[in-house]
Amino acid sequence: MRIFIYSIVVWIFQLFLLPISNAQNSLNLQNDSVTYNLNPYLKMLKDPHRSLSITQIQSPVFQNRFVSHPDFSLGFSQAGYWLQFTILSPPDKSWILSIHNPLLVHAKLYIPKGDSGFQVQEWGSQTTKLYSYKYPIFSIKPQSATPQTYYLYVWGDGPLDLPVLIESETFFQKKDHIEQFWQGIFYGILFVMAVYNFILYVFLRDLSYLYYVLYLILIAFFLLSLSGYGNEWLWSSPSWWSDRAVFITGNLTAIMIVIFCLQFLHLRKTLPTWYKIGRYFIIVTVVEVILGAFLLDLSLNMLLLTITAAIFVIIILSISIKSYQNGNLSAGYLLLAWTVMLISVGIAVLNAFGLIPSNTFTLKSLQIGSVTDVILISLALVDRIHSIQMQKIQIEQEKNNAEHNQKVKEEILATMSHEIRTPLNAVIGFAKLLEKTNTTQTQSDYIRHIHESAENLLVLINDILDLSKINAGKVTFEQVEINLQECVRHLFETLQFQVTEKKLEMKADIQEDVPTLFLGDPVRLNQILLNLLSNAVKFTPKGSVTLRIRTLKLEKQQIALLFEVEDTGIGIPANRLSSIFEGFTQASDQTTRMYGGTGLGLAIVKQLVEMQGGNIAVKSHPGIGSVFSVALPFYRVYSVTEKNETVPASFPETPLVLLIIDDNPLNRLIAQSTVHNASSNAKAELAGSGQEGIELLKKTEYHAVLIDLQMPDMDGYEVARHIRTHLPDKQHIPLIAMTASLDDRDHEQALAAGMHDIVTKPFEAGVLFKKIFKLRANLQNPGNEPNQK
Numbered sequence: 001m002r003i004f005i006y007s008i009v010v011w012i013f014q015l016f017l018l019p020i021s022n023a024q025n026s027l028n029l030q031n032d033s034v035t036y037n038l039n040p041y042l043k044m045l046k047d048p049h050r051s052l053s054i055t056q057i058q059s060p061v062f063q064n065r066f067v068s069h070p071d072f073s074l075g076f077s078q079a080g081y082w083l084q085f086t087i088l089s090p091p092d093k094s095w096i097l098s099i100h101n102p103l104l105v106h107a108k109l110y111i112p113k114g115d116s117g118f119q120v121q122e123w124g125s126q127t128t129k130l131y132s133y134k135y136p137i138f139s140i141k142p143q144s145a146t147p148q149t150y151y152l153y154v155w156g157d158g159p160l161d162l163p164v165l166i167e168s169e170t171f172f173q174k175k176d177h178i179e180q181f182w183q184g185i186f187y188g189i190l191f192v193m194a195v196y197n198f199i200l201y202v203f204l205r206d207l208s209y210l211y212y213v214l215y216l217i218l219i220a221f222f223l224l225s226l227s228g229y230g231n232e233w234l235w236s237s238p239s240w241w242s243d244r245a246v247f248i249t250g251n252l253t254a255i256m257i258v259i260f261c262l263q264f265l266h267l268r269k270t271l272p273t274w275y276k277i278g279r280y281f282i283i284v285t286v287v288e289v290i291l292g293a294f295l296l297d298l299s300l301n302m303l304l305l306t307i308t309a310a311i312f313v314i315i316i317l318s319i320s321i322k323s324y325q326n327g328n329l330s331a332g333y334l335l336l337a338w339t340v341m342l343i344s345v346g347i348a349v350l351n352a353f354g355l356i357p358s359n360t361f362t363l364k365s366l367q368i369g370s371v372t373d374v375i376l377i378s379l380a381l382v383d384r385i386h387s388i389q390m391q392k393i394q395i396e397q398e399k400n401n402a403e404h405n406q407k408v409k410e411e412i413l414a415t416m417s418h419e420i421r422t423p424l425n426a427v428i429g430f431a432k433l434l435e436k437t438n439t440t441q442t443q444s445d446y447i448r449h450i451h452e453s454a455e456n457l458l459v460l461i462n463d464i465l466d467l468s469k470i471n472a473g474k475v476t477f478e479q480v481e482i483n484l485q486e487c488v489r490h491l492f493e494t495l496q497f498q499v500t501e502k503k504l505e506m507k508a509d510i511q512e513d514v515p516t517l518f519l520g521d522p523v524r525l526n527q528i529l530l531n532l533l534s535n536a537v538k539f540t541p542k543g544s545v546t547l548r549i550r551t552l553k554l555e556k557q558q559i560a561l562l563f564e565v566e567d568t569g570i571g572i573p574a575n576r577l578s579s580i581f582e583g584f585t586q587a588s589d590q591t592t593r594m595y596g597g598t599g600l601g602l603a604i605v606k607q608l609v610e611m612q613g614g615n616i617a618v619k620s621h622p623g624i625g626s627v628f629s630v631a632l633p634f635y636r637v638y639s640v641t642e643k644n645e646t647v648p649a650s651f652p653e654t655p656l657v658l659l660i661i662d663d664n665p666l667n668r669l670i671a672q673s674t675v676h677n678a679s680s681n682a683k684a685e686l687a688g689s690g691q692e693g694i695e696l697l698k699k700t701e702y703h704a705v706l707i708d709l710q711m712p713d714m715d716g717y718e719v720a721r722h723i724r725t726h727l728p729d730k731q732h733i734p735l736i737a738m739t740a741s742l743d744d745r746d747h748e749q750a751l752a753a754g755m756h757d758i759v760t761k762p763f764e765a766g767v768l769f770k771k772i773f774k775l776r777a778n779l780q781n782p783g784n785e786p787n788q789k
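Read in UniProt numbering, the sequence shown has 708 at position 708, and its numbers run on one by one without any break.
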């Protein structure tokens, strides 16, 4: 890098400190393998109005006005220029005189013919052009061995940069073939890079690559136009397009680079001010292209292009500096690219205005700068791909970490739930058993308080697990038949004790057009309504709680129902209405102290409602009451086959023998007591391990087997698999899992292991008996009644 910077500094030093020399007398052409620079031998006469003729300039008056010029880079000018030079050459030897400026509009070479005047070769007219070439060339074949004086007349609309060279025809053709070979490689590389980046765009769908492809195409056409190869290879000259190709493609290239920068550097977000400046530049340049293509003079077009190029380089350089300062490392490559472009465009502009001399480097500065830019921008895009890959790896790692953390969290919650619910099951179970014994009023009150506290703790555990599953996105919704009457009856029966104890009135108001049967998730609907009704009962010291159900939408396939829970309770302050659906939030700290609870219920309700495509709202007035409204969509049911799922009166009055397998003695005792207290005909035998249970099952025929999932040595899953695999004569016996966990994975694994259903501890005897009846109806062969062996 230091060597590169040092070389640039030395070159600039040499560039601006070239000595200004006077024109020499004559050029002696001897070596046909050398390129001669004719500029030191030129004298110049300015023709402001382009009105002088060859005869006039040969008069002594005008001959005395011919002066030498340091470099013949004359800038933008509408004037014509007469150039005089003298050469000495062996007779009949062919030479090629070339002016390396494709933008010249007109050039004439006056070749002396002894005493008979001059032979004229003209460049700039399709009919008289000697060669179809990228820039003006003329053929010289001196007839005499004495020095001869030639005149060259030029004028143009662009910068009059006049590097005049002369070389033998053979050597000129050899050089031209070599240059065309390298130019072919250069444009071939641009083509390959364009195809490659277009393929990247197809796969990555990143607009930066598409804009880069368009930039490569436009810069190729711009350089073809600027170098003259477009005239030689692609289109005819002169023509409307050839006259305006440099102006149009140059401006379009600048526009595309700015568009590329806006997209690649994300300026809309990172640098909005510079984003606007870039867009203004694009709009102004588009207008300039339209006006220049059809209305403006060609000379004015080239002046506008030069000014636009200078402004454009300043804009993109400033954008890259700002982006790099903001931490965009890819902008560093663009910063280098635009710095090189600034140097190359600066050299071209200074040369166009005649401020620096012409040489091979200044003439090729734009092409050299463009090659460097293409390489550096490609490196920026490669760095972008690398950054994208690193971001993907980082995102994948973060995703894996999040999934791992979520899995650990779920495992911890599941373990905590099981470990907490297991002793809690014992507390609730023994409290229920104590309630059925002969106790004093004081003892009954104590037992009731124990039962209520345990139930509250159970609700809290369930709420935490539900919230965890919702946040993990693992909540699914069924589409099964819902009997609205049964659902409401169950809700009211569940809350009957609390309502009676508080002496409240609980009412249901169901609109007549509400369907009794529809498809949805009955468990989630019950959870939502039970939470709202429980809150209403909890926060209503006196008065009533009303459940209203209305039809919002009744279509051929779908219905939408509105559930309103209205109470005459304490109400909610207006400034707390917006936050009550947040987790661990209640109306006030005083509410928590007086009524208990964690504030999770409404947060869970809101998420469950919204996950089903519904919405929830609340209206409340402190001291008057509250109304919670839930709108939910369901699917209609047209043909219904009633299923006989009711337990007959003779069941379980008929003998019922169950096997309970559980390693926890308290859980075994509670389960056995629950079964015995439910019916005098129900009997439960106990096993303290999986192996013990299997041995009992081999000897005895049971109506059903209840198996705890979490047991040492041989857990419930293994017990079920063993029964299904090794006890073929027991396949008709229902296997029911007992678990304190609410994790869906445990339920799925239990069913996969061969169990038929699941009950959650602590279970209700009526629920258990109903499950057993349904399962036996599906599994038991006719006439195969339980009996002792």
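For glycine and all other residues, C-beta sits at the position ideal for the given N, C-alpha and C.
Rounded to the nearest angstrom, how far is the Cβ of residue i from that of residue j, given a contact under 8 Å?
i	j	result
residue 790	G571	The structure shown does not extend to residue 790, since the chain is modelled only from 1 through 789, so no value can be given for it.
P48	P91	With 8 Å as the limit, P48 and P91 do not qualify as a contact, their Cβ atoms being about 38 Å apart.
L190	L216	5 Å
S629	I616	7 Å
Of the residues the options, which one's Cα is nearest the Cα of residue i?
i	options	result
V105	R65, V475, Q143, G156	G156
W82	V408, F62, R489, S98	F62
A536	I248, K507, E512, A107	K507
residue 797	I248, V630, N251, I282	This structure leaves residue 797 out entirely; the chain is present only between 1 and 789.
L656	P712, D663, T700, G690	T700
S33	V480, L296, F172	F172
L317	W274, G292, L295	W274
V618	F581, A348, V154	F581
I388	F264, F563, S320, L669	F264
V246	Y446, H266, M611, F221	F221
Q148	V213, K113, A348, F634	K113
I694	Q479, Q710, D715	D715
A631	K553, F260, M302, E505	K553
Q498	V213, F539, I528	F539
I670	P633, A426, Q527, R448	A426
Going by the beta-carbon positions, is the gap between residue i and residue j smaller than 8 Å?
i	j	result
L658	A684	yes
T516	N483	yes
A753	R776	no
L381	Y209	yes
Y36	E167	yes
I277	I314	no
residue 795	L686	The chain is shown only over 1 to 789; residue 795 falls outside these bounds and no answer can be derived.
F138	Q119	no
L88	L97	no
D161	N251	no
V164	L38	yes
Enumerate in chain order the residues of its own chain whose CB-to-CB distance from residue i is below 8 Å, with the five nearest sequence positions on each side excluded.
i	result
V340	G369, T372, D373, L376
T270	S323, N326, N328
Taking 7 Å as the limit between beta carbons, can you name the residues of its chain near residue i, skipping five residues before and five after?
i	result
L525	I482, C487
L779	H732, P734
A254	T285, T308, A309, F312
H747	I758
Q749	Y717
V675	L658, A682, A684, A765
P712	D663
T170	D32
S125	Note that S125 has pLDDT 46, beneath the 50 cutoff, so the model's placement of it is unreliable and no number is given.
Go through its chain and collect everything with a Cβ distance to residue i's Cβ below 6 Å, but skip five positions before and after it.
i	result
Y333	L376, L379, A380
G228	P102, K134, Y135
V213	A194, N197, F198
Can you find a heavy atom of the ligand FMN that lies under 7 Å from the Cβ of residue i?
i	result
N31	In the structure shown, the ligand FMN is absent, as is every other ligand, since no ligand is present at all.
Which full runs of the alpha helix (DSSP H) of 4+ residues lie inside the region 201-286, going along the chain? 207-227, 229-233, 240-264, 267-270
As an exercise, report each continuous beta strand (DSSP E) stretch of at least 3 residues that is fully enclosed by the region 155-206, in chain order. If we require 3 residues or more, the beta strand (DSSP E) runs fully inside the region 155-206 come out as 159-161, 164-168.
Any alpha helix (DSSP H) of 4 or more consecutive residues that is wholly inside the region 458-507: 484-502
Quick one: complete beta strand (DSSP E) runs, 3+ long, within the region 19-107? Every beta strand (DSSP E) stretch that sits fully inside the region 19-107 and reaches 3 residues is listed by chain position as 43-47, 73-76, 80-88, 95-99.
Length-filtered (3 minimum) beta strand (DSSP E) runs lying within the region 684-747: Listed in chain order, the complete beta strand (DSSP E) runs (minimum 3 residues) inside the region 684-747 are 704-708, 735-739.
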